[in-house]
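Shown next, in structure tokens, is the structure this report addresses.
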Amino acid sequence: MRGRRVVITACAAISPIGHGRAAIVESLRRGVSGVKPLKEDHLLARFIHSRVFGTVDYPVEYDFKRTHRKTMGPVAYYACQVAKETLEQSGLSPEFITSGRLGVAFGSTHGSPSVQRDIYRTFFTGAQGEFSTIGAVDYLKSMVHTTAVNITKMFGITGRVISSSTACTTASQSIGYGYEAVKFGMQDAMLCGGADEYDTTTVAVFDNLLACSTAYNDRPACTPRPFDRGRDGLVVGEGAGALLLEEYEHARARGANILGEVVGFACNNNGGDLILPNMAGIRETLRLGLGDAELSADQVDFVSAHATGTKMGDVIEAQAIHAVYGSHPLVTGFKGHMGHTMGSCGAIETIFVLYLMGEGFVAPTLNLEEPDERCAMIRHTPGLQERQIDVAAIQNFAFGGVNTSILIKRFS
Amino acid sequence: MTRDEITGAVLEIFRREFEMANPGLDDDLRETGEFDSVDAIELLLEIERLLNRELTHEEKQMAMEIRTIRQVIDYVEMLAVKGQGNGNR
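Chains as they are written, first to last, in the working numbering: chain A, 263 to 674; chain B, 218 to 306.
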């Protein structure tokens with residue numbers, strides 16, 4: 263459906279391979295892994311077989327004042343920091359930011375699991391000697407839309423709020439629904455993204471499902487291994503990404519630096535099993551995305567694969583990519599570098615694509631050394647390529663059978 | 218607790234928990250932009266800790282109209298006196 267053009271005019275990420283463009287580009291060029299040993303949490307870690315985590319292991323400096331900090335758990339710190347950097351980079355005026363013409367589409371998998379853990383501790387220990395130990399702010403820190411509304415509060419944003427919480431498609435839905443809100447004139451700009459904090463609960467969930475990597479516990483940087491014969495599961499990670507989506511004429515009129523154009527989005531559901539990947543559902547999402555973008559498959563020259571490194575998921579995804587795009591586009595799965603950053607992965611991976619577009623190179627899937635023969639029919643990026651991406655597809659799939667595809671064009 | 222002790226304790230709560238170093242006793246807390254409805258609920262928890270007892274629903278309701286630190290001190294003094302009358306449950 264035709265609508266207004268939507269461009270990306272700023273973005274920022276905190277990821278296991280760096281904070282900000284320079285650090286992330288350097289890591290992508292050098293093939294750096296952000297996967298580190300799982301940290302002791304005095305609760306779950308010792309029961310988890312997978313001993314690795316995509317970790318933000320460097321300090322992040324925050325200068326938030328108390329009136330903002332008081333309702334923020336760790337996930338909201340991540341979200342507000344990338345939102346702050348994105349708004350600063352965008353050059354949008356305070357008048358526009360607070361005008362109601364800017365909305366927020368931002369989410370996380372759980373709200374803040376560390377705050378939820380404190381709440382449960384109160385339940386189970388009886389909190390002897392304390393009064394009202396579940397504080398007034400605990401809900402505000404732990405609720406599912408905590409990232410979105412801490413952002414609106416911090417910057418005085420009065421437009422629409424969309425807060426998807428669909429596990430691994432949280433951030434890609436944020437971008438997609440933000441894109442549609444601007445495209446169809448509901449908002450002139452949307453601040454979109456996702457965040458997830460360090461959390462062993464998520465690792466335990468996937469560990470219980472035998473979906474986590476365990477064979478590389480002594481060599482964290484060697485896992486996950488998307489599409490590789492030696493892959494043995496996913497690695498949970500943490501991070502945050504934010505993108506400013508803006509109506510093209512508005513961006514042009516104010517002389518904004520345009521990083522790329524969102525030209526298509528699709529989201530569907532497999533309509534059945536809530537865990538197993540589904541070839542028909544994924545294939546249909548990719549086709550719907552192309553349809554929305556009014557592009558043919560051969561116009562897409564790069565695919566950012568969801569590629570978590572699980573036995574079955576990577577095979578189904580490779581088949582779906584081949585069915586829709588053939589063996590034309592280069593394919594990279596960024597989770598090889600940083601693990602699966604859950605509710606933030608759609609945003610972080612989209613930002614990585616924008617960085618590659620801006621820098622004129624393509625990074626390969628880290629740890630993909632020998633493709634599984636069932637994944638070998640697609641065109642895996644064969645080492646670092648000095649090559650310009652013009653049109654990219656970013657795909658993500660989530661528990662619950664949710665699939666998304668975002669299509670982005672280099673702006674010239 | 219004497220009123221001076223209560224004043225010192227309340228100012229310490231505002232310094233420590235709300236990062237308000239030198240608040241005026243008669244400043245409207247809402248108008249300072251540094252104190253809102255969430256803080257008011259947190260303040261009640263701090264008052265419970267100070268008095269070492271849980272406030273009743275009715276006592277908490279009485280705090281809803283408080284706007285200044287002097288009113289907070291008055292409120293805590295009233296609760297402290299009441300607590301002594303009740304044998305400090």
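For every residue, glycine included, the Cβ atom is placed at its ideal position computed from N, Cα and C.
What is the rounded straight-line gap between the Cα of residue i and the Cα of residue j?
i: A:PRO278; j: A:GLU288; result: 13 Å
i: A:ILE544; j: A:GLY353; result: 37 Å
i: A:GLU579; j: A:HIS568; result: 8 Å
i: A:THR627; j: A:GLN581; result: 17 Å
i: A:TYR510; j: A:GLY571; result: 37 Å
i: A:THR464; j: A:VAL498; result: 7 Å
i: A:PHE623; j: A:GLN647; result: 5 Å
i: A:ASP576; j: B:ILE258; result: 49 Å
i: A:GLY503; j: A:CYS342; result: 10 Å
i: A:ARG363; j: A:ASP563; result: 34 Å
i: B:TYR174; j: B:ALA280; result: The requested residue 174 of chain B is not part of the displayed model; chain B covers only 218 to 306.
i: A:ASP325; j: A:GLU347; result: 12 Å
i: A:PHE309; j: A:MET600; result: 23 Å
i: A:LEU630; j: A:CYS637; result: 11 Å
i: B:ASN305; j: B:ILE223; result: At B:ASN305 the pLDDT is 47, less than 50, meaning the model places this residue with poor confidence; the figure from the coordinates comes in the next sentence. Answer to the nearest angstrom: the Cα atoms are 16 Å apart.
i: A:GLY397; j: A:LEU616; result: 41 Å
i: A:GLU611; j: A:GLY598; result: 12 Å
i: A:GLU302; j: A:TYR460; result: 12 Å
i: A:ARG266; j: A:SER434; result: 20 Å
i: A:ARG331; j: A:ALA585; result: 48 Å
i: B:GLU265; j: B:ASP243; result: 23 Å
i: B:GLY241; j: A:SER295; result: 53 Å
i: B:ARG380; j: A:ARG328; result: Since the first and last residues shown for chain B are 218 and 306, residue 380 of chain B lies out of range.
i: B:ASP253; j: A:GLY418; result: 15 Å
i: A:MET574; j: A:ALA477; result: 17 Å
Give me, in chain order, the residues of the same chain whose beta-carbon lies closer than 8 Å to that of residue i; leave out the 5 immediate sequence neighbours on both sides.
i: A:ARG641; result: SER589, HIS590, PRO591, LEU592 and VAL593
i: B:GLU251; result: PHE235, GLU236 and MET237
i: A:LEU471; result: ILE537
i: A:PRO633; result: PHE489, ASP490, ARG491 and HIS642
Residues in its own chain within less than 6 Å of residue i by CB, not counting five upstream and five downstream?
i: B:PHE267; result: Going by the sequence as given, residue 267 of chain B is Leu instead of Phe. For B:LEU267, where only same-chain residues beyond five positions count, the Cβ hits under 6 Å are ALA226.
i: A:GLY440; result: ALA367, MET452, CYS454 and LEU507
i: A:PHE614; result: PHE596
i: A:GLN657; result: HIS568 and SER667
i: A:VAL525; result: ALA555, LEU669 and LYS671
So what's residue i in DSSP terms, helix, strand or just coil?
i: A:GLN657; result: strand
i: A:VAL497; result: coil
i: A:GLY369; result: strand
i: A:PRO336; result: helix
i: A:LYS301; result: coil
i: A:ARG266; result: coil
i: A:PHE527; result: strand
i: A:ALA457; result: strand
i: B:ASN305; result: Confidence at B:ASN305 is low in this model, with a pLDDT of 47, below 50, so its placement is unreliable and the value that follows should be read with caution. Correct three-state label for B:ASN305: coil.
i: A:ILE583; result: helix
i: B:GLY250; result: coil
i: A:GLN449; result: coil
i: B:PRO240; result: coil
i: A:VAL467; result: helix
i: B:LEU268; result: helix
i: A:LYS539; result: For clarity, residue 539 of chain A is Pro in the given sequence; the question names Lys instead. Three-state DSSP puts A:PRO539 in coil, outside helix and strand.
i: A:VAL577; result: helix
Going along chain B in order, which residues have a C-beta closer than 7 Å to the C-beta of residue i?
i: A:LYS332; result: VAL255
Which bits of chain A does residue i rub up against, with CB to CB less than 7 Å?
i: B:GLU229; result: None at all; the shortest Cβ gap to chain A is about 16 Å.
i: B:GLU200; result: What is shown of chain B runs 218 to 306, which leaves residue 200 of chain B out entirely.
Any idea which residues DSSP pairs residue i with across the strands?
i: A:ASN479; result: Note: A:ASN479 sits in no beta bridge, so no partner.
i: A:ILE276; result: A:HIS281 and A:ALA502
i: A:LYS671; result: A:GLU523 and A:VAL653
i: A:PHE315; result: A:LYS298
i: A:VAL406; result: Its beta-bridge partners do not exist; DSSP assigns none.
i: A:PRO488; result: DSSP output for A:PRO488 lists no bridge partner at all.
i: A:ALA567; result: A:ALA567 pairs with nothing; no bridge assigned.
i: A:GLY602; result: A small fix is needed here, since residue 602 of chain A is His in this sequence, not Gly. A:VAL498, per the DSSP bridge assignment.
i: A:GLU323; result: Looking at the DSSP assignment, A:GLU323 forms no beta bridge with any residue, so it has no partner.
i: A:THR666; result: A:CYS529 and A:ASN658
i: A:VAL423; result: A:VAL366
i: A:LEU507; result: A:ILE270 and A:MET452
i: A:VAL593; result: A:VAL565 and A:HIS642
i: A:CYS474; result: A:LEU496
i: B:VAL293; result: According to DSSP, which records beta bridges pairwise, B:VAL293 is partnered with nothing at all.
Any chance the CB of residue i is under 8 Å from a heavy atom of the ligand ATP?
i: A:ARG264; result: The ligand ATP is not part of this structure, which contains no ligands at all.
Could you tell me which chain A residues have their CB closer than 9 Å to the CB of residue i, listed as they occur along the chain?
i: B:GLU251; result: LYS327, ARG328 and THR329
Anything in chain A within Cβ reach of residue i, meaning under 8 Å, just list it in chain order.
i: B:GLU187; result: Nothing in the structure corresponds to residue 187 of chain B, since chain B is present only between 218 and 306.
Note down, in chain order, each residue of its chain lying with its Cβ closer than 7 Å to the Cβ of residue i, except the 5 sequence neighbours on either side.
i: B:GLU294; result: ARG220 and ILE223
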